[in-house]
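Student: Here it is, the structure, as structure tokens.
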């Protein structure tokens, strides 16, 4: 490779390491732990209907690739309710204004959960006319499922 | 022959260079903002709430759309600016009774128009550009190159409700600037 290019890349790499010092592995691991905690919370909220077999849950592995972090394994959480499915699908750790995101994909629509530092998982209830974000709990799970599932 | 009043006190004509400078300034601002949002993903720094939850790919897609829209509106503005300059030149030649070949051709065309059309003559196929082309005062290729921009200009300027002309995606602001500029510079003095 041209020496100037080699020097340029080396200089940029050094500056980046000095400027950021971000531990990307740690960020990935924190995100994966938070996703697992989210799924456990959903399983706890839905324990009763699961026990009554009115819905089933299963996890499905997939891989995510992100800049700086690389490729890693994560799981989708799939809710099967009658003849309909809702999938909780991690979109990545590196998102704007949050420490991770999980999309909720139904047969009628999609919703977004974001992991806010200090606040935990939150449901993006509306983006227009103004952004409205609410904590993720039993009532917002119900609201979210109603929004993404067939009427 | 009646011609409309030009040079209104409230008119705000823009030159091609003014529009190009504005475009470059906004491109710089978009590049800065994209960088700042991508930086916020890495560092967690505060950023406008509307970007919440966007991944790097989302941010790139968002700014690609912003850039495409900026380029389209700039192209529209450039074509319209040249159209205005040509119309002002047309009315100057018709109303000023100039003796050059283009002025004569314009006046001959103008005399065939209804009173209403004399105030708002057609511009493209059956209008001023057609007369300009037939007058052979410049390379017809220059007129043709500019006319190729008009279909995109109409689509953008009238609400984009019909099938998108290929020119919309083929012409960037630099192309449109070059074509419009070549036409204006080729007009006889």
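Residue numbers (our numbering), protein chains in the order written: chain A, 1 to 151; chain B, 1001 to 1189. Idealized CB from N, CA, C, for every residue including glycine.
1) Check whether the segment 1047-1057 of chain B and the segment 1102-1122 of chain B touch, using three or more Cβ-Cβ pairs below 8 Å as the test.
2) Using alpha carbons as the reference points, say which of B/1014, B/1074, B/1013 and B/1004 lies closest to residue 1027 of chain B.
3) Tell me which residue opens and which closes the alpha helix (DSSP H) that residue 24 of chain A is part of.
4) Comparing C-alpha positions only, which one of B/1091, B/1140, B/1139 and B/1048 sits nearest to residue 98 of chain A?
5) May I have a chain-ordered list of the beta strand (DSSP E) segments no shorter than 3 residues that lie completely inside the segment 1104-1128 of chain B?
6) Within the continuous beta strand (DSSP E) that includes residue 72 of chain A, where are the two ends?
7) Should residue 112 of chain A go down as buried or exposed, given a rule of 16 or more other Cβ atoms within 10 Å for buried?
8) Determine, using beta carbons only, whether residue 96 of chain A and residue 1109 of chain B come nearer to each other than 8 Å.
9) Note down, one range per segment and in chain order, each alpha helix (DSSP H) of at least 4 residues found wholly within the segment 63-150 of chain A.
10) Which residues in the same chain have their Cβ closer than 7 Å to the Cβ of residue 1076 of chain B, if we skip the five residues on either side of it in sequence?
11) Are residue 119 of chain A and residue 129 of chain A touching if we call contact CB-CB under 8 Å?
12) Three-state secondary structure (DSSP) at residue 1188 of chain B?
13) Our contact map puts residue 100 of chain A next to residue 66 of chain A with C-beta atoms below 8 Å; I'd like the distance itself, whole angstroms only.
14) Skipping 5 residues on each side, what residues in its chain have a beta carbon closer than 6 Å to that of residue 117 of chain A?
15) So does the segment 1180-1189 of chain B actually touch the segment 1081-1091 of chain B, counting three or more Cβ pairs closer than 8 Å?
16) Short of 7 Å in beta carbon distance, which residues of its chain neighbour residue 89 of chain A, apart from the five on each side in sequence? Order them along the chain.
17) Do residue 107 of chain A and residue 144 of chain A have their C-beta atoms within less than 8 Å of each other?
18) Chain A partners of residue 1061 of chain B, CB-CB under 7 Å?
19) Assuming residue 1140 of chain B contacts residue 1133 of chain B (C-beta within less than 8 Å), just tell me the rounded distance between them.
20) So which residues of chain A does residue 1055 of chain B contact, with C-beta pairs closer than 9 Å?
21) So what's residue 61 of chain A in DSSP terms, helix, strand or just coil?
22) If you follow the alpha helix (DSSP H) that residue 1145 of chain B is in, where does it begin and where does it stop?
23) Can you give me, in chain order, the residues of the segment 1031-1043 of chain B that have a beta carbon less than 8 Å from any beta carbon in chain A?
24) Classify residue 6 of chain A as helix, strand or coil using the three-state DSSP reduction.
25) Once DSSP output is grouped into helix, strand and coil, what is the label at residue 56 of chain A?
26) Are residue 132 of chain A and residue 69 of chain A closer than 8 Å when you measure CB to CB?
27) With a cut-off of 8 Å, does the C-beta of residue 131 of chain A fall near any C-beta of chain B?
28) For residue 1046 of chain B and residue 1040 of chain B, what's the separation of their Cα atoms in angstroms?
Tutor: According to the data block:
1) The segment 1047-1057 of chain B makes no contact with the segment 1102-1122 of chain B; the number of CB pairs closer than 8 Å stays below 3.
2) Residue nearest to residue 1027 of chain B within the set B/1014, B/1074, B/1013 and B/1004 is B/1074 (criterion: CA-CA distance).
3) Where residue 24 of chain A is concerned, the enclosing alpha helix (DSSP H) stretches over 24-45.
4) Out of B/1091, B/1140, B/1139 and B/1048, B/1048 has the C-alpha closest to the C-alpha of residue 98 of chain A.
5) Taken in chain order, the whole beta strand (DSSP E) runs of length 3 or more contained in the segment 1104-1128 of chain B number zero.
6) Per DSSP, residue 72 of chain A belongs to the beta strand (DSSP E) from 70-81.
7) So residue 112 of chain A ends up on the buried side.
8) Their beta carbons are not under 8 Å apart, which means residue 96 of chain A does not touch residue 1109 of chain B by this criterion.
9) If you keep only unbroken alpha helix (DSSP H) runs of at least 4 residues inside the segment 63-150 of chain A, you get 138-148.
10) Around residue 1076 of chain B: 1153, 1156 and 1157.
11) Not closer than 8 Å, so no.
12) It is coil, neither helix nor strand.
13) Wrong, their Cβ atoms sit about 10 Å apart, outside the cutoff.
14) Excluding residues within five positions, the ones whose Cβ falls inside 6 Å are 99.
15) Taking 8 Å as the limit for Cβ pairs, the verdict is that the segment 1081-1091 of chain B does touch the segment 1180-1189 of chain B.
16) Here the set comprises 76, 102, 103 and 105.
17) No, the pair does not count as a contact, with Cβ atoms beyond the cut-off.
18) Under the 7 Å cutoff, chain A gives no residues; its nearest Cβ is about 13 Å from residue 1061 of chain B.
19) Confirmed, about 5 Å.
20) Those within 9 Å of residue 1055 of chain B in chain A are 66, 91, 92, 94, 95, 96 and 101.
21) The answer is strand: DSSP assigns residue 61 of chain A an E or B state.
22) Segment 1140-1157, the alpha helix (DSSP H) holding residue 1145 of chain B.
23) Along the segment 1031-1043 of chain B, going in chain order, the ones with a CB nearer than 8 Å to a CB of chain A are 1037, 1040, 1041, 1042 and 1043.
24) Here DSSP, grouped into helix, strand and coil, assigns residue 6 of chain A to helix.
25) Residue 56 of chain A: strand per DSSP, three-state reduction.
26) Cβ atoms of residue 132 of chain A and residue 69 of chain A: not closer than 8 Å.
27) Yes - at least one Cβ of chain B is within 8 Å of the one on residue 131 of chain A.
28) Each residue's Cα considered, the two are about 7 Å apart.
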